[in-house]
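The sequence shown begins at 1 in our numbering and counts up by one.
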Amino acid sequence: MTNHWAIAVGIDHYQFLQPLDFAQRDAQELCECLVSEAGFLPDRCLLFTDTSPEVLGRSTYPSRGNLQGWFDYLKKELVQPGDWLWVFFSGYGACWQGQDYLMPIESDPLNIPETGIPVQSLFTSLKNLPTDRVLVLLDVNRSQAAVSGEKFGLQTAELANESRIATVLSSKPEQFSHESPSLTHGLFTAALLEGLRSHQCSTLASLEDFLKDRLPELCNHHDLPTQEPMLVVNSPDQLYQVTTPVDWAEMEAWNGVENNPFDLEGDFFVPPIDADPALAQEVDSIDEPLTRPVAYRDPMPPSPVIDLELEDPDDRMNPAAEPPFEPSPGVPIPKTDLRSVPAEADVPDRMFWERLLFGGGAILLILLLGVLFRNWQTFMGQQTATKQPAKPAQITTPAGQSPKPAASPKPTAPAQKPVAVAPQSAQPPEAKPTAKLPQSQASQALLSEARSFIKPTLASDANKAIERAQRIPPGDPLYDQAQQDIDRWTQNILEIARKRAAERSYRQAIAAAQLVPKERPQAYAEAQKAIAEWQKRVR
1 MTNHWAIAVG
11 IDHYQFLQPL
21 DFAQRDAQEL
31 CECLVSEAGF
41 LPDRCLLFTD
51 TSPEVLGRST
61 YPSRGNLQGW
71 FDYLKKELVQ
81 PGDWLWVFFS
91 GYGACWQGQD
101 YLMPIESDPL
111 NIPETGIPVQ
121 SLFTSLKNLP
131 TDRVLVLLDV
141 NRSQAAVSGE
151 KFGLQTAELA
161 NESRIATVLS
171 SKPEQFSHES
181 PSLTHGLFTA
191 ALLEGLRSHQ
201 CSTLASLEDF
211 LKDRLPELCN
221 HHDLPTQEPM
231 LVVNSPDQLY
241 QVTTPVDWAE
251 MEAWNGVENN
261 PFDLEGDFFV
271 PPIDADPALA
281 QEVDSIDEPL
291 TRPVAYRDPM
301 PPSPVIDLEL
311 EDPDDRMNPA
321 AEPPFEPSPG
331 VPIPKTDLRS
341 VPAEADVPDR
351 MFWERLLFGG
361 GAILLILLLG
371 VLFRNWQTFM
381 GQQTATKQPA
391 KPAQITTPAG
401 QSPKPAASPK
411 PTAPAQKPVA
421 VAPQSAQPPE
431 AKPTAKLPQS
441 QASQALLSEA
451 RSFIKPTLAS
461 DANKAIERAQ
471 RIPPGDPLYD
481 QAQQDIDRWT
491 QNILEIARKR
501 AAERSYRQAI
511 AAAQLVPKER
521 PQAYAEAQKA
531 IAEWQKRVR
């Protein structure tokens, strides 16, 4: 029997890069669509997001170690000859010295080779699978992650062609991939989901036709720069292979499934409790360390993009490729690609730079005021020293003594003393708290951001809030307040879980309870006890 596997990775909250808005939602809704519309089994879809729960006791946090460990495990144990594997990634990509990298959640743009996942390594792992039925879908955003003028996608297309692995890129190398708030998705993923739900994309040929028509339409409708998908295949036979369990061309109707565990109305996917025990034992055998990184640093602003005139790989890989989109004369396009027309940046990038300049100016002003406040006595001391020489003219000698002729140079000494002494007292104790001002502001921003996540019915938002508040270090003025908030949010997660259990939605209750942080031992113990009880009822 042919199995259809899917790995979907979506990363919103990068540690060192500007956050994305809908990458996590892209990955989750793709899994939901594959299960409900394409016939994939829920326990054959692996979801990796910022807050996805454990699968069979193993972490699904989208770190470099986790992802590489799961790919190695797929190669060794899960995928069998004749199986299909979909690999979907929604997040940042980068090109460094001609090498393409996918950026996991802890990736550092200042150290891409050591923290990114080389696309070459990914294709090597996929090439070594016992099956050649692999489809790679990369919805890679590069507009804010560009750290050089190099273009992501050139090497990826070459590797896909050499490895004979069908690959779909969300845009051509000279273009950017975009997200749309009105669609709550990346444009590429929105078009992909629409094609799957329309039951018109059972083969790569039909998928390519649909995406090439629909994706530019979405760009035009949402007033965004043109984005054209790029399909790389090695042989025409790959174009007409059916990539889904359900071949819509041979079916009159497809009813899908009920109670899809990837449904966006809940939190996140919890694999079936009655999954294959052998599968659970095999997943537990992964030796790769699957731990969440603890390092954190403020996101880095985007670097300027340098336009390089490079050969379009689409012309090399696919001779029948269509020429790049060119607008009709007289039709204004408010926002254009940053690389194609540097003088007319799109509105999201322009708004980002305006916020960056305003924020940078405010920070510079605060620092300048802090320096002036801290050293005000130094400046005042210098002014006093320049006025002191006039005072010796009023010095009088004690009664009964005559002034000494040689004493005339001495009045200059008092005038010099303040100059030497003033710097020693120029750092009053009350000025020291100003050095802590940026840290307090950063902590307040973290706490405010954490509180903004809270919603009364979603445990995943409470988990996000806890993760933000945990970044406030001990000794910070807001540390105690943050700990109180974490305690309250932890109880909120437990209450949400119990409410779902009371409604007999045990799987969703387990999903919520798994988000209780281990740093709260009492609440964590309650959650584990409840999970054990609910698992019995599910069975």
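C-beta atoms are modelled at their ideal positions from N, C-alpha and C, and glycine is treated no differently.
query: In the DSSP assignment, the beta strand (DSSP E) including Arg58 goes from what residue to what residue?; result: Taken as a continuous stretch (DSSP letters only), Arg58 belongs to no beta strand (DSSP E), as it is neither H nor E.
query: How many Å lie between Leu207 and Ser198 at the Cα?; result: 11 Å
query: Hey, out of Leu159, Arg504, Cys219, Ile165, whose CA is closest to Thr235's CA?; result: Strictly speaking, residue 235 in this sequence is Ser, with Thr absent from that position. Taking only the C-alpha atoms, the option nearest Ser235 is Ile165.
query: Where Trp70 and Leu85 are concerned, what is the direct C-alpha to C-alpha distance, given to the nearest angstrom?; result: 13 Å
query: If Tyr92 and Val119 are in contact, beta carbons under 8 Å, what's the gap, nearest whole angstrom?; result: Wrong, their Cβ atoms sit about 13 Å apart, outside the cutoff.
query: Under a three-way DSSP split, which group does Pro429 fall into?; result: For Pro429, the pLDDT reaches just 45, beneath the cut-off of 50, and the residue's location in the model is therefore unreliable, although a value from the coordinates is still provided. Helix.
query: If contacts are defined as beta-carbon pairs under 8 Å, then Phe22 and Gly186 qualify, I think. What distance do you get, rounded to the angstrom?; result: 6 Å
query: List, from N- to C-terminal side, the beta strand (DSSP E) runs of 3 residues or more that fit wholly inside the segment 131-171.; result: 133-141, 166-169
query: Quick one: what does DSSP say His221 is sitting in, helix, strand or coil?; result: helix
query: Report whether the distance from the Cβ of Ala6 to the nearest heavy atom of the ligand FMN is below 7 Å.; result: The ligand FMN is absent from the structure shown, which contains no ligands of any kind.
query: Is Gly39 closer than 8 Å to Pro245 when the C-beta atoms are compared?; result: yes
query: Would you call the segment 157-177 and the segment 221-240 in contact, with 3 or more CB pairs under 8 Å?; result: yes
query: Work out the CA separation of Val134 and Val242 for me, nearest whole Å.; result: 11 Å
query: What are the start and end residues of the beta strand (DSSP E) that includes Tyr524?; result: From DSSP, Tyr524 is part of no beta strand (DSSP E) but of the alpha helix (DSSP H) over 521-538.
query: If you drop the 5 nearest sequence neighbours on each side, which residues of the same chain put their C-beta closer than 6 Å to that of Pro517?; result: Ile466
query: Does DSSP classify Ile7 as helix, strand or coil?; result: strand
query: Any chance you could list the alpha helix (DSSP H) runs of at least 4 consecutive residues sitting entirely within the segment 69-138, in chain order?; result: 112-115, 119-127
query: Return helix, strand or coil for Ala345, following the three-state DSSP convention.; result: In this prediction, Ala345 scores a pLDDT of 42, lower than 50, which makes its location untrustworthy; the coordinate-derived value is nonetheless stated afterwards. Correct three-state label for Ala345: coil.
query: Between Gln155, Val79, Thr51, which has its C-alpha nearest Ile105's C-alpha?; result: Thr51
query: Quick one, are the C-beta atoms of Leu126 and Ser163 less than 8 Å apart?; result: yes
query: Ends of the beta strand (DSSP E) at Leu231?; result: 230-232
query: Taking the straight line between their C-alpha atoms, what separation do you get for Asp213 and Ala190?; result: 13 Å
query: Tell me the rounded alpha-carbon separation between Trp489 and Leu204.; result: 46 Å
query: Would you decide whether Phe473 is buried or exposed? Buried here means 16 or more other CB atoms lie within 10 Å of its CB.; result: Note that residue 473 is Pro in the sequence shown, not Phe. Looking at its Cβ environment, which holds fewer than 16 other Cβ atoms inside 10 Å, Pro473 is exposed.
query: Between the Cα of Asn220 and those of Leu446, Arg500, Ser180, Val168, spot the shortest distance and give me the residue it belongs to.; result: Ser180
query: Which of the three DSSP states, helix, strand or coil, is assigned to Ser235?; result: coil
query: Compute the Euclidean distance between the alpha carbons of Gln528 and Leu515, then round it to the nearest angstrom.; result: 11 Å
query: Using beta-carbon positions only, say whether Ile7 and Val87 come within less than 8 Å of one another.; result: yes
query: Nearest by alpha-carbon distance to Tyr14: which of Tyr61, Cys45, Met1 is it?; result: Tyr61
query: Return the chain-ordered list of same chain residues with a C-beta closer than 6 Å to the C-beta of Ile112, the five sequence neighbours on each side being excluded.; result: Ala94, Trp96, Tyr101
query: Could you compute how far the alpha carbon of Ala415 sits from the alpha carbon of Asn375?; result: Because the pLDDT at Ala415 is just 45, under 50, the model does not fix this residue reliably, and the value given afterwards should be weighed accordingly. Using only the alpha carbons, I get a separation of about 21 Å.
query: Can you tell me the Cα-Cα spacing of Gln28 and Leu369, whole angstroms?; result: 47 Å
query: Would DSSP call Val35 helix, strand or coil?; result: helix
query: Could you say which of Glu114, Asn128, Arg58 lies nearest to Val76 if we only look at CA atoms?; result: Correcting the residue type first, residue 76 is Lys in the shown sequence and not Val. The candidate whose alpha carbon is nearest that of Lys76 is Asn128.
query: Quick one: what's Thr203 bridged to in DSSP?; result: Val242
query: Roughly how many whole angstroms lie between the Cα atoms of Lys464 and Ala160?; result: 36 Å
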